[in-house]
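Chains as they are written, first to last, in the working numbering: chain A, 855 to 1044; chain B, 855 to 1044. Positions of the beta carbon are idealized from the N, C-alpha and C atoms, including for glycine. Since we're looking at a predicted model, the values are computed, not measured.
Protein chains: 2
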Amino acid sequence: MTQRQDTILQAAARCIARQGVRGLRVHDVAAEAGVSTSLLYYHFTDRDGLLAATLDHINDVAAGHRLDGASGETALDRLEALLLGEIRDDDDIHTGSIAWNELRATAVFETGLRGPLAHTTATWNSRVRAALDETGTGTGGDSDQLAAVLTAMIEGLSGRWLGGEISTDQARTLIRTAVHRIITPTGKST
Amino acid sequence: MTQRQDTILQAAARCIARQGVRGLRVHDVAAEAGVSTSLLYYHFTDRDGLLAATLDHINDVAAGHRLDGASGETALDRLEALLLGEIRDDDDIHTGSIAWNELRATAVFETGLRGPLAHTTATWNSRVRAALDETGTGTGGDSDQLAAVLTAMIEGLSGRWLGGEISTDQARTLIRTAVHRIITPTGKST
C-alpha cells in the first residue's frame, strides 16, 4: 500500500462516516483526497473495489491501534485489549467504526459489498481467534464460534455506541463483562 | 393499537426492508398500506412518529413470535428460545429484522431516531433480563449488563445474517454457543 493509496482510503472512510455509503460517488472520495478521479480508478478499478479496499483499511487501522494494548500481562488481558481497541475515544477508530457500520448495513441492500465484507470479517475473526486460543480456555473445538460471537457482539455494541445510545465507557464495560463471562467460569472464581 | 394502525406499521416495515430508511417518505408508506397520507399523519403525527411506532411494532411482533418457544422445560431453554426467536426463517421476522437493522444504522446519521430506538431497545433488554433472572445464574448484580451483551450480540449476528454472511442455522448455533458460555460455567459441566 503506497502513501497515496492510504490517503485515498482514509478519505473514503471520512466520506462514508459523514454521508453514508448510499449515494456516495467515486468523485466525492477523489475530491476529499485531493486527487483526480482517474487516479482513484487506476488504483481501485471501480466503486466496489474502492469500498472493498476501504473495509480492509479500516480493519488494518483498528488492528494497528489494538496492538497498542496488546502488551497486557496475561493472554486474557491481551484478548480484552484487542476487543477494547474497537471502541475508544479516538478519531480514526470512530471514523472507521462509522464507516464499517454503514458498509455492513448497506450490504443488506447492495450485494456487491457482501464478498469483501465477508473476507474482511474472516480476517478479523481469525485475529480474535488467535488471541482466544492463547488464553487456553477456548476449548471444546469452539474457538471459531466464540471468536464470531465476540466480533458480532462488538458490531452490535458499536452500533449502539455510534448512535449515542451507550457511552464509550459503558460499551467498554460491557465488552469486559462479556469477555469475563465467556472466557472464565461464571459466578465461581471471579 | 387498532387493526388499521397495525396495517400501516406492517407496511412501514416492508417499505424500510425494501428500500431503506433514507429517502423513505410518509407517502410511500401510505401507498403501501393502501391508506391516505392524511390518515397516516393523523395516527402518527410525522415521519419520526411513524418510525418510532414502527420500531415498537417490530419489537412486539418479534416478542409475540418468541413466546411460541417460551414453553421450554428449563429457564435456560426459555432464555434460549427468546433469543433464537430473533433469527429464524419467517417472513415477518426477516422483514422486521431488516427494518430494525436499517433504523439502527440510520440513527448514526439521523439523531431524531435515537430516542425511540433507545426506548425500544430498553424494552427488549428488560425482557431478556427477566428471562435471564429466571435462570438464576445472572448473579453478581450484572443481569442488566448481560442482557445488553446478549441483545447486542443478536444485533451483530442479525447484521451478518441479513447480509447473507452467515446462514440461519449458523446464526442460531452461534446464539446457542454464546448462551451456554455466558450462562453456564464454561468447559466444565457441558
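For this session: Answer yes or no: do B/G1017 and A/R868 have a C-beta to C-beta separation smaller than 8 Å?
Result: For B/G1017 and A/R868, no; Cβs fall outside 8 Å.
Exercise. Rounded to whole angstroms, how far is the Cβ of A/L863 from the Cβ of A/A907, which I believe are closer than 8 Å?
Worked result: 6 Å
Problem set entry | Boundaries (first-last residue) of the alpha helix (DSSP H) holding B/M1007 | 997-1016
Problem set entry | Beta-carbon separation (whole angstroms), B/R1014 vs A/A1006, contact threshold 8 Å | 7 Å
Exercise. If you draw a straight line from the alpha carbon of A/Q873 to that of A/G950, how long is it in whole angstroms?
Worked result: 13 Å
Exercise. Is the Cβ of B/R1026 closer than 8 Å to any Cβ of chain A?
Worked result: The beta-carbon of B/R1026 is placed no less than 8 Å from the nearest beta-carbon of chain A.
Exercise. So which residues on chain B does A/E1009 lean against when the C-beta distance must stay under 7 Å?
Worked result: G1010, G1013
For this session: Name the residue from B/R858, B/S1021, B/A887, B/H911 whose alpha carbon lies nearest to the alpha carbon of B/T977.
Result: Considering only alpha carbons, the answer is B/H911.
Problem set entry | Assumed close pair A/L971, B/E1019 - CB separation to whole angstroms, cut-off 8 Å | 7 Å
Exercise. If we cut at 8 Å on Cβ distances, does B/G1041 have a partner in chain A?
Worked result: Residue placement at B/G1041 is poorly supported in this model, since its pLDDT is 36, which falls under 50; the coordinates still yield a value, given next. For B/G1041, the answer is yes, since a Cβ of chain A falls inside 8 Å of its Cβ.
Exercise. Does B/P952 come within less than 8 Å of chain A when only Cβ atoms are used?
Worked result: The displayed chain sequence assigns Ile, not Pro, to residue 952 of chain B. Judged by the 8 Å Cβ criterion, B/I952 is in contact with chain A.
Exercise. Under 8 Å between the Cβ atoms of A/L933 and A/T989?
Worked result: yes
Exercise. Are B/L938 and B/I1037 touching if we call contact CB-CB under 8 Å?
Worked result: no
For this session: Output, in sequence order along the chain, the residues in the region 940-964 of chain B whose CB is closer than 9 Å to any CB in chain A.
Result: I952, N955, E956, R958, A959, T960, A961, V962, F963
For this session: Could you list the residues in the region 979-1008 of chain B with a C-beta less than 8 Å from some C-beta on chain A, going in chain order?
Result: T991, T993, G994, D996, Q999, L1000, A1002, V1003, T1005, A1006, M1007, I1008
Exercise. Looking at the unbroken alpha helix (DSSP H) that takes in B/R932, where does it start and where does it end?
Worked result: From DSSP, the alpha helix (DSSP H) with B/R932 extends over 929-938.
Exercise. From the beta carbon of A/R968, is the nearest beta carbon of chain B less than 8 Å away?
Worked result: yes
Exercise. Using a C-beta to C-beta distance shorter than 9 Å, which residues of chain B count as neighbours of A/T1031?
Worked result: Correct list: D996, Q999, L1000, A1002, V1003.
For this session: Classify B/L883 as helix, strand or coil using the three-state DSSP reduction.
Result: The displayed chain sequence assigns Val, not Leu, to residue 883 of chain B. Reduced to three states, the DSSP call for B/V883 is helix.
For this session: Specify, as a first and last residue, the run of the alpha helix (DSSP H) that A/R981 falls within.
Result: For A/R981, the enclosing alpha helix (DSSP H) stretches over residues 968-989.
Exercise. Roughly how many angstroms separate the alpha carbons of A/A953 and A/I870, rounded to a whole number?
Worked result: 5 Å
Problem set entry | Within 8 Å, strictly: CB atoms of A/L894 and A/L904 | yes
For this session: Output the distance between the C-alpha atoms of B/H881 and B/S890, rounded to the nearest integer angstrom.
Result: 8 Å
For this session: Step through the CB atoms of chain A and report whether any lies within less than 8 Å of the CB of B/A866.
Result: No, because no Cβ of chain A sits closer than 8 Å to the Cβ of B/A866.
Exercise. How would you write the range of the alpha helix (DSSP H) that B/L878 sits in, first residue to last?
Worked result: Where B/L878 is concerned, there is no enclosing alpha helix (DSSP H), given that its DSSP letter is neither H nor E.
Exercise. A/T908 touches chain B at which residues, Cβ-Cβ below 8 Å?
Worked result: In chain order: nothing, as chain B lies at least about 16 Å away.
Exercise. Do we get a CB-CB distance below 8 Å when we pair A/A916 with the residues of chain B?
Worked result: Look at A/A916: its C-beta is not under 8 Å from any C-beta on chain B.
Problem set entry | Reference B/V982; option with closest CA among B/R876, B/A866, B/A884, B/L930 | Selected option, being the one with the closest Cα: B/L930.
For this session: Could you tell me whether the Cβ of B/I977 comes closer than 8 Å to any Cβ of chain A?
Result: It is Thr, not Ile, that sits at residue 977 of chain B in the sequence shown. B/T977 does not count as touching chain A.
Problem set entry | Test: B/I912 CB closer than 8 Å to a CB of chain A | no
Problem set entry | Close-in-space but distant-in-sequence residues of the same chain around A/I1008 (CB under 8 Å, 5 per side omitted) | Sequence-distant Cβ neighbours of A/I1008 in its own chain, meaning closer than 8 Å and more than five residues away, are L937, E940, I941, I1029.
Exercise. At a Cβ threshold of 8 Å, is B/E934 touching chain A?
Worked result: no
For this session: Note down, in chain order, every chain B residue with its Cβ under 8 Å from the Cβ of A/L971.
Result: G1017, E1019
For this session: Using a threshold of 8 Å, state whether the C-beta atoms of A/R876 and A/T960 are closer than that.
Result: yes
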